[in-house]
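The structure appears right after this line, and notes come after that.
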Amino acid sequence: MPGKRGWGWWWARLPLCLLLSFSSPWMPSSLGKPKGHPHMNSIRIDGDITLGGLFPVHGRGSEGKACGELKKEKGIHRLEAMLFALDRINNDPDLLPNITLGARILDTCSRDTHALEQSLTFVQALIEKDGTEVRCGSGSPPIITKPERVVGVIGASGSSVSIMVANILRLFKIPQISYASTAPDLSDNSRYDFFSRVVPSDTYQAQAMVDIVRALKWNYVSTLASEGSYGESGVEAFIQKSREDGGVCIAQSVKIPREPKMGEFDKIIKRLLETSNARAVIIFANEDDIRRVLEAARRANQTGHFFWMGSDSWGSKSAPVLHLEEVAEGAVTILPKRMSVRGFDRYFSSRTLDNNRRNIWFAEFWEDNFHCKLSRHALKKGSHVKKCTNRERIGQDSAYEQEGKVQFVIDAVYAMGHALHAMHRDLCPGRVGLCPRMDPVDGTQLLKYIRNVNFSGIAGNPVTFNENGDAPGRYDIYQYQLRNGSAEYKVIGSWTDHLHLRLYIQTTTLTVSVSLSASVSLGMLYVPKVYIILFHPEQNVPKRKRSLKAVVTAATMSNKFTQKGNFRPNGEAKSELCENLEAPALATKQTYVTYTNHAI
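In C-alpha cells:
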C-alpha cells in the first residue's frame, strides 16, 4: 500500500533496486568497469580525473524520435577530436604527469531538451541519494556505487544546447568549455559564470559580417535565422551592428521554426522573393536548415538568384552543400581562424572497427561512410548496398576532409588539461598523482585556473579567455567556388578587428567586362569559373608598385565602383525599413579591366 507517501513517492524509488542490479548510471561494484566500455549509450573511459563531453553525434529526430541521422563531420569528427586530445595528454610526460584523464561522452542529438536529460549524468555523483527507506526484494538495503565524478565538460556544440546545459552545470559548479557555441548571450558572466569557449562570440562575427557586406556594397539584404539562441542572437547582433555602422538596410528578417512543418522551407523562399531585389541573404542557421533552404531554392528554380552569406555554422562544411553545389555557388561564409590538424588526419584515417571499439557510434559511422552493412541480415534483396569487409580505409575508400571545429575541440580539451595541471602544481606541489586537496576537484577553483590559461593551441594560435570566458575574434572568410566540375571553399580574406579582403586571379591574362549597373555593384562578378570581389580599392587593396601591369589604376577603379550612399545596388523595391534609400538606378556603362597574374 502506498499509504501517506502516495504513489508518486513509491514510484520514484521503486526502480532504484532494479536499476542498480543492471547497467544504470550507478554500477554494481561486482560488475567492474573495463576501460572504454560503452555505458548507457555513452562513451566511458576510465581515468583519475573524468571530463564530460557533449557532441551532436546525431541530428534532431522527427515524428517523436529524439535522434535522427548520423552527423559524420559535426558529430563523429569532433567526438574523435576529443579522444585524440585525451590520448595526447595522457601520453605527454610534461602535462599532468602520472594523472590520467578519463571521459564520459554523450550524444546531444542536436536538441537542447535531449542534451539536458543527458547532462544530468554529469551531476549524479554530486547528488546525495537517500536510500534509508528503500529495500531490495531480499529486504537488504541497496548497494549504491556512485558514478565517476565529472570535474569539467567539453561542449556543447549548438548555443541553445550549451545554454540549457550551462544552467544545470553552474548549479553544481562544474566548468564548461565549448568548442562551437558562439551566441552573444553566453558572454553574460552573471548567468553563465561557469561557461567558457575557445571560439569567439557572435558579437565579433556580426561585426565581421557587416564589414564584409559593406565592402561588397550590399546595402539591401534580408536575414535568415534558425529559431534559438544561436540564430536569433546572431541576426540580432548583425542588425544592431549594421545600424551602428550605417549603410546597410534590412529588407526583412525571416525565422526558421525549431520544428519546421512540411513545406516550411518553400514558404521561406517564397517570402524572401517578396523582396526579390534584396538578393543578398545573411544566414545564421544550423547546417540542417541551411541545406533545406538551398533545396527549397532549387525547387523554386531560383539557382543563382540569391547571394548567400553564411555564418560559422556554415563555414567550410560539405554537408550543407552536398549535391547542391550550383545553388550554393558563390556563397561567402565565415569561420573562426583555424588550421587543419595533420596529426588528427593521421589518427582519424587510421581508425578501424578493430582499433576503435571505444567509440560506440563508430560502427554506425563505418556503414554510413562506406555505404555498406556490417550484418548480412541488414542487407535487402535487390539493393545495391554491399557488406562491409573491414578492409575499407578512411580517405582511401571514401572522401575525407577534416571538419572545421576539430582544432577547437582539441584546444578546449587542452585548456582543461592545462588548467588542471596548473591547479595540481599549486595545490599538490611535489606530489605524484592526485593529493587530498584535489580529490575531489573544486569546480570554483578550477574555473579560475581555466580563465587564466595562456598556451599555444594545436595549430599554434594562442588560447586565452577574457573575463567573460570568451576567446578573441579571429576569422577567415571563404567563398564557395566551382572550378572544372569540382567545388571548394577558397579563402578570400580575414578579419581580426578589421577586414582584409584579397583577390587572386589565377589566369595569366584576364579581360573582364564590367557593367556599372545595379546588378554589378553587388560586388560579385560571376565570370565563368573566375570569381572577383569588388570593394573600395583605396581601403582594402595594398598600394601596388608601378611595375604591376594593371591597365586600370586604383584611382580609376575608385571613380567607377564607388556608389553614392543612397544607392541600393541589389534592389530598389520599397520597404518601410529602407524608404530613404530609394533612388533611380545609375545608367549602365561598360568598361574593360585587364589584370595580369597578381594577388590584388
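Sequence positions in the sequence shown follow the UniProt record's numbering and run 1 to 600.
Quick reminder that beta carbons are idealized off the backbone N, C-alpha and C, glycines included.
| Asked | Found |
| --- | --- |
| Same chain only: Cβ atoms within 6 Å of K241, ignoring 5 sequence neighbours per side | A206, Q207, V210 |
| Per DSSP, the bridge partner or partners of G52 | R104, V153 |
| Residues sharing a beta bridge with W495, DSSP | Y475, L499 |
| Spatial neighbours of I394 in its chain, beta-carbon cut-off 6 Å, leaving aside the 5 residues before and after | S349, Y400 |
| Touch test, the segment 111 to 126 against the segment 72 to 89, Cβ-Cβ under 8 Å, three pairs minimum | no |
| Cross-strand partners of C372 (DSSP beta bridge) | K386 |
| Three-pair Cβ contact test at 8 Å for the segment 147 to 164 versus the segment 174 to 190 | yes |
| Beta-ladder partner(s) of Y489, from DSSP | Y480 |
| Residues near N454 in its chain [Cβ-Cβ closer than 8 Å; skip 5 each side] | P462, V463, T464 |
| Contact set for K405: own chain, Cβ-Cβ below 7 Å, skip 5 residues either direction | R78, Y179, A180 |
| Distance between beta carbons of L434 and C428, contact taken as under 8 Å | 7 Å |
| Range covered by the beta strand (DSSP E) that runs through S196 | 195 to 197 |
| As assigned by DSSP and simplified to three states, the class of W308 | strand |
| contact_flag[the segment 283 to 298, the segment 321 to 331] where n(CB pairs < 8 Å) is 3 or more | yes |
| Three-way DSSP call (helix, strand, coil) for I127 in this model | coil |
| Every unbroken alpha helix (DSSP H) inside the segment 179 to 264 [4 residues or more] | 202 to 215, 229 to 245 |
| Alpha-carbon to alpha-carbon, A237 and D202 | 7 Å |
| The segment 355 to 369 contacting the segment 246 to 257, beta-carbon criterion three pairs below 8 Å | no |
| Buried/exposed call for T113, threshold 16 Cβ in 10 Å | exposed |
| Contact set for H305: own chain, Cβ-Cβ below 7 Å, skip 5 residues either direction | R279 |
| Whole-Å CB distance - L54 paired with V413, under 8 Å assumed | No, L54 and V413 are not in contact; Cβ-Cβ is about 13 Å, not under 8 Å. |
| Local conformation of L324 per DSSP, three classes | coil |
| Cβ distance (whole Å) where A285 is taken to contact L224 below 8 Å | 6 Å |
| P320 classed as buried or exposed, judged by whether at least 16 other C-beta atoms fall within 10 angstroms | buried |
| Contact between the segment 464 to 482 and the segment 330 to 340 (3+ Cβ pairs under 8 Å) | yes |
| CA-to-CA distance, T275 to P200, given in whole angstroms | 32 Å |
| Coil, strand or helix - A280 by DSSP | strand |
| Opening and closing residue of the alpha helix (DSSP H) in which L420 lies | 406 to 427 |
| Paired residues, beta bridge with R44 - DSSP | R104 |
| Inter-residue Cα distance where the pair is R60 and E287 | 12 Å |
| Residue range of the unbroken alpha helix (DSSP H) whose run includes V57 | No alpha helix (DSSP H) contains V57, which DSSP labels as neither H nor E. |
| Identity of the residues DSSP links to V161 by a beta bridge | DSSP output for V161 lists no bridge partner at all. |
| Pairwise C-alpha distance: I239 and N90 | 45 Å |
| Burial state of H371 (16 or more Cβ within 10 Å) | exposed |
| Alpha carbon of D245 to alpha carbon of V213, nearest angstrom | 11 Å |
| CA-to-CA distance, R104 to A125, given in whole angstroms | 13 Å |
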